[in-house]
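What follows is a set of notes on a single structure, which appears directly below.
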Amino acid sequence: MKISNLAVKKPVTTVVFYLGIIVLGVFSLGKLAIDLIPDISYPVIAIFSEYPGVSPEEIEENLTKII
5 MKISNLAVKK PVTTVVFYLG IIVLGVFSLG KLAIDLIPDI SYPVIAIFSE
55 YPGVSPEEIE ENLTKII
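Oh and the sequence shown: position 25 is 29 in the working numbering, straight run, nothing missing.
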């Protein structure tokens, strides 16, 4: 209750306090480092499947899709 009474009795102090907070916020926002396109590395796995004597279509259907 004491803070609310102080804010009502001294409105200039309250306005200056809030303006100070806004100025600090704008200053901090200007110093904030934001990368619009961050470097993202997606996890990649490579699997090589060999099956001698079988056509590529059969390898794809019977081996690669299962893996």
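All C-beta atoms, glycine included, are put in the ideal place defined by N, C-alpha and C.
As the structure is a computational prediction, the values presented were derived from the model and not from experiment.
Please return the same chain residues whose Cβ sits closer than 7 Å to the Cβ of Gly34, not counting the five positions on each side in sequence. Position 30 of the sequence shown holds residue 34. Excluding sequence positions up to five before and after Gly34, its CB lies less than 7 Å from no other CB in the same chain.
Report the three-state DSSP secondary structure of Tyr46 (helix, strand or coil). As a first step, residue 46 must be located in the sequence shown, where it is residue number 42. In the structure shown, Tyr46 sits in coil (DSSP, three-state: anything other than H, G, I, E or B).
Can you tell me where the alpha helix (DSSP H) with Ser59 in it begins and where it stops? Along the sequence shown, one-based indexing puts residue 59 at 55. Looking at the DSSP string, Ser59 is not in any alpha helix (DSSP H), and its letter there is neither H nor E.
Pick out whichever of Asp39, Val27, Asn66 and Leu23 has its Cα sitting closest to the Cα of Tyr55. Indexing the sequence shown from 1 puts residue 55 at position 51. Of the listed residues, the one whose Cα sits closest to Tyr55 is Asn66.
Where Ser53 sits in the DSSP three-state scheme: Sequence index remark: in the sequence shown, residue 53 carries index 49 (1-based). Coil at Ser53, not helix or strand.
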